[in-house]
Amino acid sequence: MSDDLYQQAITTLAKAATGAGKLEHPDACETVDNPLCGDRVTMDVELTDNRIARLAHDVRGCLLCRAAASAIGSRAPGRTAGEIVQVRAGLQAMLKLCTVDPIDGWPELTAFQPVAAHKSRHDCVLLPFEALIRALDRAAY
Amino acid sequence: MSDDLYQQAITTLAKAATGAGKLEHPDACETVDNPLCGDRVTMDVELTDNRIARLAHDVRGCLLCRAAASAIGSRAPGRTAGEIVQVRAGLQAMLKLCTVDPIDGWPELTAFQPVAAHKSRHDCVLLPFEALIRALDRAAY
Amino acid sequence: MARFDPAAIRAQFPILATGPDGKRVHYLDNAASAQMPQAVLDAVIRFETTQRANVHRGVHRLAEAATNAYDGARAAVARYLGVTPDGIVFTSGTTAAINTVAHALGETLSAGDEIVISELEHHGNIVPWQMLAQRRGLVLRALPVTAEGTIDLTALDRVVTKKCRLIALAHASNVTGAVLDPAPVAAAARAMGARVLLDGAQRIPHGPLDLLALGCDFYAFSGHKMFAPHGIGVLWGRPDLLAALPPFLGGGGMIEQVTLERTTYATPPRRFEAGTPPIGAAIGLAAAVDWIAGLDWQAATEHEKRLTGRILDGLSAITGAHVIGPTGLQGRLGVVSVVLDGAHPHDVSQILDTHNVACRGGHHCAQPLHARFGVNGSTRASLAPYNGDDDVDAFLAGLADAAARLR
Amino acid sequence: MARFDPAAIRAQFPILATGPDGKRVHYLDNAASAQMPQAVLDAVIRFETTQRANVHRGVHRLAEAATNAYDGARAAVARYLGVTPDGIVFTSGTTAAINTVAHALGETLSAGDEIVISELEHHGNIVPWQMLAQRRGLVLRALPVTAEGTIDLTALDRVVTKKCRLIALAHASNVTGAVLDPAPVAAAARAMGARVLLDGAQRIPHGPLDLLALGCDFYAFSGHKMFAPHGIGVLWGRPDLLAALPPFLGGGGMIEQVTLERTTYATPPRRFEAGTPPIGAAIGLAAAVDWIAGLDWQAATEHEKRLTGRILDGLSAITGAHVIGPTGLQGRLGVVSVVLDGAHPHDVSQILDTHNVACRGGHHCAQPLHARFGVNGSTRASLAPYNGDDDVDAFLAGLADAAARLR
Ligand SMILES: Cc1ncc(COP(=O)(O)O)c(C=O)c1O
Ligand SMILES: Cc1ncc(COP(=O)(O)O)c(C=O)c1O
Chain A
2 MSDDLYQQAI TTLAKAATGA GKLEHPDACE TVDNPLCGDR VTMDVELTDN
52 RIARLAHDVR GCLLCRAAAS AIGSRAPGRT AGEIVQVRAG LQAMLKLCTV
102 DPIDGWPELT AFQPVAAHKS RHDCVLLPFE ALIRALDRAA Y
Chain B
2 MSDDLYQQAI TTLAKAATGA GKLEHPDACE TVDNPLCGDR VTMDVELTDN
52 RIARLAHDVR GCLLCRAAAS AIGSRAPGRT AGEIVQVRAG LQAMLKLCTV
102 DPIDGWPELT AFQPVAAHKS RHDCVLLPFE ALIRALDRAA Y
Chain C
196 MARFDPAAIR AQFPILATGP DGKRVHYLDN AASAQMPQAV LDAVIRFETT
246 QRANVHRGVH RLAEAATNAY DGARAAVARY LGVTPDGIVF TSGTTAAINT
296 VAHALGETLS AGDEIVISEL EHHGNIVPWQ MLAQRRGLVL RALPVTAEGT
346 IDLTALDRVV TKKCRLIALA HASNVTGAVL DPAPVAAAAR AMGARVLLDG
396 AQRIPHGPLD LLALGCDFYA FSGHKMFAPH GIGVLWGRPD LLAALPPFLG
446 GGGMIEQVTL ERTTYATPPR RFEAGTPPIG AAIGLAAAVD WIAGLDWQAA
496 TEHEKRLTGR ILDGLSAITG AHVIGPTGLQ GRLGVVSVVL DGAHPHDVSQ
546 ILDTHNVACR GGHHCAQPLH ARFGVNGSTR ASLAPYNGDD DVDAFLAGLA
596 DAAARLR
Chain D
196 MARFDPAAIR AQFPILATGP DGKRVHYLDN AASAQMPQAV LDAVIRFETT
246 QRANVHRGVH RLAEAATNAY DGARAAVARY LGVTPDGIVF TSGTTAAINT
296 VAHALGETLS AGDEIVISEL EHHGNIVPWQ MLAQRRGLVL RALPVTAEGT
346 IDLTALDRVV TKKCRLIALA HASNVTGAVL DPAPVAAAAR AMGARVLLDG
396 AQRIPHGPLD LLALGCDFYA FSGHKMFAPH GIGVLWGRPD LLAALPPFLG
446 GGGMIEQVTL ERTTYATPPR RFEAGTPPIG AAIGLAAAVD WIAGLDWQAA
496 TEHEKRLTGR ILDGLSAITG AHVIGPTGLQ GRLGVVSVVL DGAHPHDVSQ
546 ILDTHNVACR GGHHCAQPLH ARFGVNGSTR ASLAPYNGDD DVDAFLAGLA
596 DAAARLR
């Protein structure tokens with residue numbers, strides 16, 4: 002049911018907006034657009050020893066996009082780029098292959114399972130991850 | 002019946018090719034193409050007192066086109082431009098409106114009646130008349 | 196006449212039927228693509244199963260039938276618009292039609308010439324002119340948009356200069372629903388020796404129009420928004436103007452004589468129809484035009500207007516809902532775009548979908564217009580004659596639900 | 196496997212059924228447009244009656260279904276060709292595909308650059324290059340054609356110079372049926388740093404091909420010649436090349452961000468698909484590709500070859516009949532064009548029509564090729580898997596009748 006998309010968990014996550022804002026001295030800052038809907042995510046990151054020390058996101062997007070960014074805000078600090086890539090892979094599998102395994106250490110992502118049925122919304126959820134991974138790539142240089 | 006298109010009368014008319022050739026000193030010479038099939042009719046005319054004194058046609062076209070040119074070769078000399086325009090109008094009515102009245106002074110045109118059923122071939126029959134009328138227009142200046 | 200009965204019209208549209216679950220889609224996405232009545236589908240099926248062949252270059256009976264049907268489609272569209280068939284160029288849609296003018300007319304323009312559009316145009320009537328301006332060093336100017344979402348015609352004096360060669364405007368906006376008054380535009384253009392192109396994509400599904408009375412030189416529209424297949428559209432051009440323009444796309448059917456050295460071109464409309472045309476879709480368009488012509492448009496227009504009023508009234512009861520466009524019923528069509536404070540249009544239309552309401556959310560290919568109103572997108576409901584009060588009520592209920600859940 | 200049974204295939208084509216008069220059309224005009232099997236028609240009907248909506252910009256369930264079907268069509272075509280979907284651009288046909296390259300690649304070329312075509316090209320692969328040459332001061336060169344109606348590849352050395360930027364050739368001729376060996380063309384192009392475009396309009400209906408093995412950079416074809424609707428076609432381009440090309444048509448769907456001042460463009464294939472695409476036709480094309488993939492092409496190819504031999508043998512018995520093209524069965528498809536001494540091709544195909552044979556007469560949009568052979572036109576029989584011996588025999592009988600009556 003499409004209705005499930007807007008279950009309490011997602012709404013709460015989006016409204017918490019954990020990590021929303023800007024960093025003063027980011028190691029990298031990347032902006033990614035979804036040309037199909039005009040949505041845009043900007044992600045600032047600071048690394049320490051190849052781990053995310055701090056991050057901040059600025060989202061102009063839908064509830065799903067904001068919820069995903071908020072999950073990143075609470076779970077990404079302390080992780081390596083490799084770990085984030087793995088989390089994205091798990092999320093992609095959840096959306097595209099309809100897997101139902103929870104993603105280790107990111108329990109709130111389970112709330113995105115109903116999005117699998119709505120292909121046009123997959124990118125909304127993935128956009129913040131895309132922005133974060135690009136920022137991490139950039140910061141690594 | 003489409004078969005009627007190639008009745009003896011048309012074939013005979015085409016093979017007679019009355020008026021085929023070139024004039025040495027035409028008052029006007031006009032070439033008209035049918036871009037849909039690449040056919041081409043060139044018509045030379047000489048006028049005396051606003052009447053067709055002599056004409057000659059060069060046809061690169063189908064049997065219907067050659068038959069129409071041949072009818073012109075035998076019937077047009079002595080006519081005025083106005084008379085030719087009238088004959089064409091009668092022929093157009095025969096093709097587009099399926100009229101069955103014989104055309105005064107041009108009995109052989111009756112053989113074109115079956116062409117009415119084949120819209121794609123109307124222009125084949127009309128092309129020599131178009132060339133003649135353009136040449137007459139030109140010669141009138 | 197009896198009261199207009201949208202249900203009787205709806206019954207002609209297979210996709211709008213009530214399903215086994217007792218539900219049916221409340222289809223309010225007509226401005227994106229309208230649905231197709233059985234009569235149009237039947238015309239396409241008839242072509243594919245009894246007349247299918249390529250056109251124009253064959254004399255066998257199927258080719259002759261296909262050619263007659265295709266030429267007949269052109270004649271039907273011309274008749275509906277009150278113009279002669281030699282001005283009707285079949286294209287793949289509005290976008291292709293506008294690009295055709297941008298290239299063909301564009302070839303006749305020089306650096307410094309100006310093109311005037313407006314801030315509310317669909318990208319299909321912006322990007323071709325930007326690309327042309329870049330190719331040939333032209334200047335692109337835009338009429339501003341009023342707070343009511345209409346093109347500000349008081350700016351014509353200022354924006355249309357002696358250098359203006361073309362004014363290209365939406366006859367009706369796909370976001371605000373505002374309908375342009377073409378008379379002052381045509382007058383301003385005439386005063387400067389400029390041409391007028393109207394993008395009729397949104398106007399054409401809402402009933403007959405007197406094309407020649409608009410005073411424009413070109414008119415573009417798409418079949419899929421007027422109950423016909425996707426992949427067919429029309430560029431109407433004043434025949435004398437078309438005859439003076441160079442071709443755009445090259446290929447079979449648009450030529451007179453080809454040698455490896457040199458090609459001469461056919462007269463319009465064939466000059467602008469390179470290659471095999473979308474034959475079945477053109478035949479579908481003709482059937483759609485016939486279908487439209489069979490409606491009582493006085494009643495249908497009244498009906499659409501009443502439903503539009505019902506939407507606008509209902510919206511005023513939803514806190515945080517703002518209409519982009521005229522708030523009244525004058526000078527507008529049944530296209531209503533709403534911004535819901537704090538809610539993203541994709542979330543809104545997703546929630547509307549759970550109410551069986553099909554609405555479009557996003558920028559509707561009009562980013563500059565949304566930027567003008569300081570938003571990224573909106574949620575749009577757009578009407579067709581088959582819509583009824585129940586569709587509108589479902590939309591309003593869904594919107595209220597979205598407002599409650601997303602805030 | 197049992198002997199190939201064209202009647203079983205024919206049974207899937209409503210238009211080829213035997214009529215109440217006990218007759219059926221001997222359809223040998225497949226090179227112009229092939230007929231449509233019920234499976235393709237059903238896919239189109241299914242879209243129009245259960246999934247119809249605009250694509251890409253909507254989230255309601257019909258928009259999602261339409262988008263999935265449209266994206267699925269792209270994936271199906273890609274799979275059939277053994278390529279990735281990002282190289283598949285949907286166009287309105289071969290002509291539009293070639294014009295797209297002529298404009299997009301054309302923007303990157305400069306005065307003095309050379310384009311190489313051949314003398315046997317369809318106008319759709321001549322005129323776009325002539326127009327481009329004129330726009331940008333390029334030089335258009337042509338490979339000659341042999342007496343057998345094939346492109347003379349021994350001339351590659353002479354015609355393809357260091358200035359060559361593109362070689363654009365028919366993969367198979369629509370007149371002679373000759374199939375190009377692309378390897379020496381690709382090698383000649385590579386040696387000069389030029390690109391290769393193959394016009395696959397005639398090759399594609401005759402079974403699967405390994406596109407990447409051809410060594411070309413662009414490949415163009417039309418749906419209507421491969422059992423799909425008119426108004427859809429494909430431009431395949433090497434994804435890295437497409438990504439480096441500027442857009443051609445401007446409008447909705449091909450953009451990333453639009454302001455009145457500046458626009459940024461989407462990545463391919465969307466960059467080259469401006470406006471609403473021919474959605475139903477694309478879905479029909481995917482169904483056609485699936486239908487084709489379901490045939491036994493080893494048997495079908497053998498069958499078409501046998502019928503081609505039957506035509507060639509039969510023609511040798513008709514005095515005054517000359518084939519334009521290979522007289523053998525090697526390196527050719529089932530497309531046979533005949534010149535009948537002293538008879539005009541339109542008269543010939545008209546008489547064939549009285550024998551219920553649908554054949555095309557004329558220049559087949561290849562005037563330079565016909566000029567090469569000193570004629571204005573020819574009468575062409577072209578095969579599809581549903582053709583049988585009876586079709587060929589009717590053609591030969593009709594041709595003999597025409598020869599007798601027109602001479
Ligand atoms: C070899 C060849 N190239 C190009 C074309 C043009 O295809 P279309 O008319 O579908 O654009 C055709 C068919 O007409 C063809 O046979
Ligand atoms: C006002 C307007 N112009 C142009 C277009 C483009 O039409 P199409 O996508 O059919 O080419 C549309 C519809 O999308 C529109 O609403």
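For the protein sequence lines, the chains are A, B, C and D, in the order given. Quick note: the first sequence uses the working numbering, first residue 2, plus one each step. Quick note: the second sequence uses the working numbering, first residue 2, plus one each step. Quick note: the third sequence uses the working numbering, first residue 196, plus one each step. Quick note: the fourth sequence uses the working numbering, first residue 196, plus one each step. By construction, the Cβ of each residue, glycine as well, lies at the ideal position given by its N, Cα and C atoms.
Query - Near ligand 1: D/Ser417 beta-carbon under 7 angstroms from a heavy atom - result: Because some heavy atom of ligand 1 lies under 7 angstroms away, the Cβ of D/Ser417 counts as near it: yes.
Query raised in the report: A/Ser3 CB to nearest chain C CB: under 8 angstroms?
Result: At A/Ser3, the pLDDT of 42 sits below 50, so the modelled position is not reliable; the number obtained from the coordinates is stated separately. A/Ser3 has a beta carbon lying within less than 8 angstroms of a beta carbon in chain C.
Query raised in the report: If we count Cβ pairs, one from each stretch, closer than 8 angstroms, do we get three or more for the region 482-493 of chain C versus the region 225-242 of chain C?
Result: With the cut-off at 8 angstroms, the region 482-493 of chain C and the region 225-242 of chain C touch.
Query raised in the report: Does at least one heavy atom of ligand 2 sit under 7 angstroms from the Cβ of C/Asp394?
Result: Placement of the Cβ of C/Asp394 at a distance of less than 7 angstroms from at least one heavy atom of ligand 2 is found.
Requested in this report: Would you identify the three-state DSSP class for C/Gln349, choosing helix, strand or coil?
Outcome: Per the sequence shown, residue 349 of chain C should be read as Thr rather than Gln. In the three-state DSSP reduction, C/Thr349 falls in the helix class (H, G or I).
Query raised in the report: Is C/Ala603 near ligand 1, judged by its Cβ being under 7 angstroms from some heavy atom?
Result: With chain C running from 196 to 602 in the structure shown, residue 603 of chain C is simply not present.
**Report entry** Near-chain D residues of the region 34-45 of chain A (beta-carbon distance less than 7 angstroms), N- to C-terminal order
**Finding:** Correct list: Asp34, Pro36 and Leu37.
Report task. Using the Cα positions of C/Pro563 and D/Ala261, report the straight-line distance between them to the nearest angstrom. Result -> In this structure, the CA atom of C/Pro563 is about 27 angstroms from the CA atom of D/Ala261.
Query - Residue span of the alpha helix (DSSP H) that contains B/Arg76, given as start and end - result: First-last of the alpha helix (DSSP H) with B/Arg76: Leu64 to Arg76.
Query - Beta-carbon gap between D/Gly410 and D/Ala378 smaller than 8 angstroms - result: In this structure, D/Gly410 lies near D/Ala378, with their beta-carbon atoms less than 8 angstroms apart.
Query raised in the report: Is C/His490 helix, strand or coil when you go by DSSP?
Result: Reading off the sequence shown, one finds Leu at residue 490 of chain C, where the question assumed His. It is coil, neither helix nor strand.
Query raised in the report: Under 8 angstroms between C-beta atoms, does D/Gln562 make it to chain G?
Result: Of the chains in the structure shown, none is chain G; the protein chains are A, B, C and D.
Requested in this report: Use the C-beta contact count for D/Gln397: other C-beta atoms within 10 angstroms, 16 or more gives buried, fewer gives exposed.
Outcome: Counting C-beta atoms within 10 angstroms of its own C-beta, D/Gln397 has 16 or more neighbours from the protein chains shown and is therefore classed as buried.
Report task. Assuming D/Pro441 and D/Glu302 form a contact by the criterion Cβ under 8 angstroms, report the distance between their Cβ atoms to the nearest whole angstrom. Result -> With 8 angstroms as the limit, D/Pro441 and D/Glu302 qualify as a contact, their Cβ atoms being about 5 angstroms apart.
Requested in this report: Could you tell me whether the Cβ atoms of C/Thr244 and D/Ile210 are closer together than 8 angstroms?
Outcome: Yes, these two residues count as a Cβ contact at 8 angstroms.
**Report entry** Exposure label - D/Arg336; buried when at least 16 CB within 10 Å
**Finding:** With 16 or more other Cβ atoms within 10 Å, it is buried.
Query raised in the report: Under three-state DSSP, which class holds C/Cys359?
Result: DSSP places C/Cys359 in strand when its eight states are reduced to three.
Requested in this report: Enumerate, from N- to C-terminal direction, the unbroken alpha helix (DSSP H) stretches of 4 or more residues contained entirely within the region 430-455 of chain C.
Outcome: Counting only runs of 4 or more, we get 434-439.
Report task. Pull up the distance between the alpha-carbon of C/Gln452 and that of D/Gly557, whole angstroms please. Result -> Distance between the alpha carbons of C/Gln452 and D/Gly557 is about 13 angstroms.
Query raised in the report: For C/His251 versus D/Asp224, is the C-beta distance shorter than 8 angstroms?
Result: Taking 8 angstroms as the cut-off, the Cβ atoms of C/His251 and D/Asp224 do not count as close.
Query raised in the report: With 16 as the cutoff for other CB atoms within 10 Å, does D/Arg198 come out buried or exposed?
Result: Counting the other Cβ atoms within 10 Å of the Cβ of D/Arg198 gives fewer than 16, which makes it exposed.
Requested in this report: My understanding is that D/Leu591 touches D/Thr503, with C-beta atoms under 8 angstroms, so please give their C-beta distance in whole angstroms.
Outcome: So it is not a contact: roughly 13 angstroms between Cβ atoms.
**Report entry** Expected contact under 8 angstroms - CB spacing of D/His317 and D/Ala561 to nearest Å
**Finding:** At roughly 6 angstroms, the Cβ-Cβ gap stays under 8 angstroms, so D/His317 and D/Ala561 are in contact.
Requested in this report: Please state whether DSSP places C/Met196 in a helix, a strand or coil.
Outcome: Reliability fails at C/Met196, whose pLDDT of 45 lies under 50, so the model's placement of it is uncertain and the value that follows must be treated cautiously. Coil.
Query raised in the report: CB B/Leu110 to CB B/Leu127, shorter than 8 angstroms?
Result: With respect to the 8 angstroms criterion, B/Leu110 and B/Leu127 are not classified as neighbours on the basis of their beta carbons.
Query raised in the report: A/Arg122 CB to nearest chain D CB: under 8 angstroms?
Result: Judged by the 8 angstroms Cβ criterion, A/Arg122 is in contact with chain D.
Requested in this report: Report all residues from its chain with a CB closer than 6 angstroms to the CB of A/Ala70; omit the five preceding and five following residues, and keep chain order.
Outcome: So the list reads His58, Val60 and Pro129, once near-sequence residues are dropped.
Query raised in the report: At a cut-off of 7 angstroms, is D/Gly520 close to ligand 1 when judged by its beta-carbon and the heavy atoms of the ligand?
Result: Every heavy atom of ligand 1 is 7 angstroms or more from the Cβ of D/Gly520, so no.
Query raised in the report: Would you say C/Val254 reaches chain B, if we count a Cβ-Cβ gap shorter than 8 angstroms as a contact?
Result: With its beta carbon less than 8 angstroms from one in chain B, C/Val254 belongs to the interface.
Query raised in the report: Which first and last residues belong to the alpha helix (DSSP H) in which A/Glu25 is found?
Result: Boundaries cannot be given for A/Glu25, as no alpha helix (DSSP H) includes it and DSSP labels it neither H nor E.
**Report entry** For A/Ser3, three-class secondary structure by DSSP
**Finding:** Residue placement at A/Ser3 is flagged as unreliable, the pLDDT there being 42, under the threshold of 50; a coordinate-derived value is accordingly withheld.
Query raised in the report: Should D/Leu375 and D/Gly344 be called a contact, given that it needs their Cβ atoms to be closer than 8 angstroms?
Result: The answer is no: Cβ separation not under 8 angstroms.
Query raised in the report: Taking only beta-carbon atoms, is C/Asp485 less than 8 angstroms away from chain D?
Result: Taking 8 angstroms as the threshold, the shortest C-beta distance from C/Asp485 to chain D does not fall below it.
Query - A/Ala121, DSSP secondary structure in three states - result: Before going further, note that residue 121 of chain A is Ser rather than Ala in the sequence given. Assignment of A/Ser121 by DSSP, reduced to helix, strand and coil, places it in the helix class.
Query raised in the report: So, is the C-beta of D/Gln452 closer than 8 angstroms to a C-beta in chain C?
Result: Interface residue, yes.
Query raised in the report: Name the DSSP beta bridge partners of A/Met44, please?
Result: DSSP lists A/Glu31 and A/His58 as partners of A/Met44.
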